[in-house]
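Following: one structure in structure tokens, then a few remarks.
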Amino acid sequence: MNLLIVESPSKAKTIEKYLGSGWRVIASVGHVRDLVPENGSVDPEHDFAMRWQIMPGKEKQIKLIINELKKADAVYLASDPDREGEAIAWHILDILKAKKALDGKKVYRVAFHEITKRAVTEAIANPREIDKDLVDAYMVRRALDYLIGFGISPLLWRRNLGRSAGRVQSVAVKLVVDREKEIEAFKPVEYWSLTSVCIAKKTFFNAQLSNVSGKKIEKMTIENHDQMNTILEKIGSPEIPAKVVAIDKKKTSRRAAAPFTTSTLQQESSRKLYFSSKRTMSTAQKLYEQGLITYMRTDATNLSADAVNEIRDYITKTYGGSFVPKTPNIYVTKSKNAQEAHEAIRPTHFDGKVEHLTGDEAKLYDLIWKRTIACQMTNAEFDSVSADIETENKVAVFHAVGTTRTFDGFMRVYTEDKDDADEKDETKLPSLSVGDEISITELKPEQHFTQPPARYTEASLVKKLEELGIGRPSTYATIMSTIVDRKYVEQDKQRRFHPTPGGWVISAYLSKYFNELVDVNFTAKTEDTLDDVSNGKQDKLKALRNFWTPTSAMIDGAKDVKTTEII
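So this is what it looks like as structure tokens:
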């Protein structure tokens, strides 16, 4: 018999069905070991030696693994295919060695990115060693988080400033606070626009003022009511004859969005489904463990050749050959620091919809399904027409734009949410030619004020963190839930983040006395360092020393600070 160890019981059930007799599949139920939760468990004076303990409640799982191992010929460690999964495999192996439970039995590390029979059997046929570099990166990450926690958190407790200061969560809080400062400092600027209601060939349409007396009108050109009145007086009567003086016709197209990464899935499910990052990842985990989608922690946008072929076949059969591009669509990741070489998040098969899902699982699966199918479809195509319309007295020119979709392409299946910046409604113009007469029936002046920057939502904050190179696919959801749970930020009815009084104070404290820790460039550089350790490009101890030397000096300098000195 062979023993295969995964992380979750539901995953174990799915895989055991695939492997059948001769295999026993059991779950570790996540991490089994962690640092001893007391001061000194990471010792910078002795090469950052780390003291581990089996986590409370996990002795039972360890005993189960050891008992099953007695009956097995070999053990396969099949935890998740990322840094944390590699760490779980290493911890289990280290515990088994310490307890002398292996008895010379073979140990293999296997990793798969989807829970399908083909993927699991392929992984078992191609086992490998535990990746020491990935484990080292985990140790650096865990040591840093521990040292910050035990170094800074007591300073916060003594001053009643908050429960903890996390390496990445503190930067997220600072981003929210900095945005609030921008909003408070913002001074709105007045400006005006002028819309003409036009009619041609019995069709009404709108056109925007673009030129007055030879002067180009930009967004902020008309600054106040008096300037607007002067322009209206120049133009004259609100019912004005006019004619088309220029026409520009062009064809445009829009490409489908890339298949989902962790961050884009969280962003889109927030916009479309109103899911929090935590709810999205919890639901995606369930879909993954049922073998319905690929691994949900990824910053890759590539798809396997087999998946692309299946998708193209499905599109051809369902929508016709005109919806399949001549060559597959390829997407380049926009992530500043793409980590492990995973696929994008996609369904594991394309031979038909999954009917048994309900609730959140059905909604999220449908979103992933549509986005994945759409990413391999042809572009949506549009006819765009713009017309310049000059008043008879040649004082003013109005500009009208119309767009008509001429071929659905990927939009037959999926469109990005209206929240997306590039999403525009179709507007139609009548068929116009140069010289056509136009009647302007009404002029609509409108006052506007410039708007302050928008507060972050979960979607936009995740996007910002990713753009800055802060956080990774495995951490975005945790960051979002942590800053809310610890009451550093709160969400309004529009689900936008506001800093709480506690968030203001802790951000001020950290910015003043631990400025590097909440500096986005420093935090991004730390993430880069973890990636370098993962890839074997940097030594574990060097990475830890480079981080801890300045951090420990900051901690020492902040120990005698009084609360009244913070703000």
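Residues 1069 to 1635, numbered by the working numbering, are exactly what the sequence shown covers, in order. Quick reminder that beta carbons are idealized off the backbone N, C-alpha and C, glycines included.
- Buried is the label assigned to Gly1359, since at least 16 other Cβ atoms lie within 10 Å of its Cβ.
- For the pair of segments examined, the stretch 1438-1450 was found to touch the stretch 1467-1485: the number of CB pairs separated by less than 8 Å reaches three.
- The beta carbon of Leu1536 is closer than 6 Å to those of Val1588 and Ala1592 in its chain, skipping five residues each way along the sequence.
- A buried status is given to Ser1575, since no fewer than 16 other beta-carbon atoms sit within 10 Å of its beta-carbon.
- Residue nearest to Thr1332 within the set Arg1119, Gln1276, Ile1308 and Leu1432 is Leu1432 (criterion: CA-CA distance).
- Annotation: the continuous alpha helix (DSSP H) that includes Asp1374 extends over Ala1373 to Tyr1387.
- Taking each of Met1118, Arg1339 and Lys1269 in turn and checking the Cα distance to Ser1109, the smallest one comes out for Met1118.
- When rounded, the separation of the alpha-carbon atoms in Asn1135 and Gln1129 is 10 Å.
- Sequence-distant partners of Ala1455 (beyond 5 residues in either direction) whose C-beta falls short of 6 Å from its own C-beta, in its chain, are Val1312, Ile1315, Ala1468 and Leu1500.
- In this structure, His1181 sits near Pro1149, with a CB-CB distance shorter than 9 Å.
- Between the alpha carbons of Trp1091 and Ala1169 lies a gap of roughly 19 Å.
- Here the alpha carbons of Thr1459 and Gln1515 stand approximately 23 Å from one another.
- For the 9 Å CB-CB criterion, Thr1351 and Ala1412 do not form a contact.
- By the 16-neighbour rule on beta-carbons within 10 angstroms, Val1257 is exposed.
- Tyr1176 is positioned such that its CB atom lies closer than 9 Å to that of Ala1142.
- Under DSSP, the beta-bridge partners assigned to Pro1415 are Ile1361.
- It is roughly 17 Å from the alpha-carbon of Ser1344 to the alpha-carbon of Leu1355.
- Counted as a single uninterrupted DSSP element, the beta strand (DSSP E) harbouring His1516 occupies residues Glu1505 to Phe1517.
- DSSP places Ser1579 in the helix class (H, G or I) of the three-state scheme.
- Here the C-alpha atom of Val1530 lies approximately 29 Å from the C-alpha atom of Arg1613.
- Straight-line spacing of the CA atoms in Asn1194 and Val1178 works out to 7 Å.
- Counting C-beta pairs closer than 8 Å gives three or more between the stretch 1540-1559 and the stretch 1233-1245, which meets the contact rule.
- In this structure, DSSP gives Pro1520 a state outside helix and strand, which the three-state scheme calls coil.
- Between Asn1461 and Gly1282, the beta carbon gap of about 13 Å keeps them out of contact (Cβ cut-off 8 Å).
- Secondary structure at Met1349: helix, using DSSP grouped into helix, strand and coil.
- Counting only runs of 4+ residues, the alpha helix (DSSP H) found wholly inside the stretch 1204-1256 occupies 1237-1253, in chain order.
- Annotation: Asn1279 is outside any alpha helix (DSSP H); the continuous beta strand (DSSP E) that includes it extends over Thr1271 to Val1280.
- By the 16-neighbour rule on beta-carbons within 10 angstroms, Arg1554 is buried.
- By the beta-carbon neighbour count (other beta carbons within 10 angstroms, threshold 16), Asn1370 is buried.
- Apart from sequence neighbours up to five positions away, the residues of its chain that approach Tyr1524 with a beta-carbon distance below 8 Å are Leu1243, Val1244, Arg1247, Lys1532, Arg1564 and Phe1565, ordered along the chain.
- A distance below 7 Å between beta-carbons, with the five flanking residues on each side excluded, links Ala1205 to the following residues of its chain, in chain order: Arg1151, Leu1598, Val1601 and Ser1602.
- Within the stretch 1140-1210, the complete alpha helix (DSSP H) segments of 4 residues or longer fall at 1151-1166 and 1185-1193, listed in chain order.
- The three-state reading of DSSP puts Thr1366 in coil, since its state is none of H, G, I, E or B.
- For Ser1372, the closest alpha carbon among the candidates Ser1321, Thr1440 and His1424 is that of Thr1440.
- About 12 Å separates the CB atoms of Thr1416 and Met1364; that is not less than 8 Å, and the two are not in contact.
- In the structure shown, Lys1283 adopts extended strand secondary structure according to DSSP, grouped into three states.
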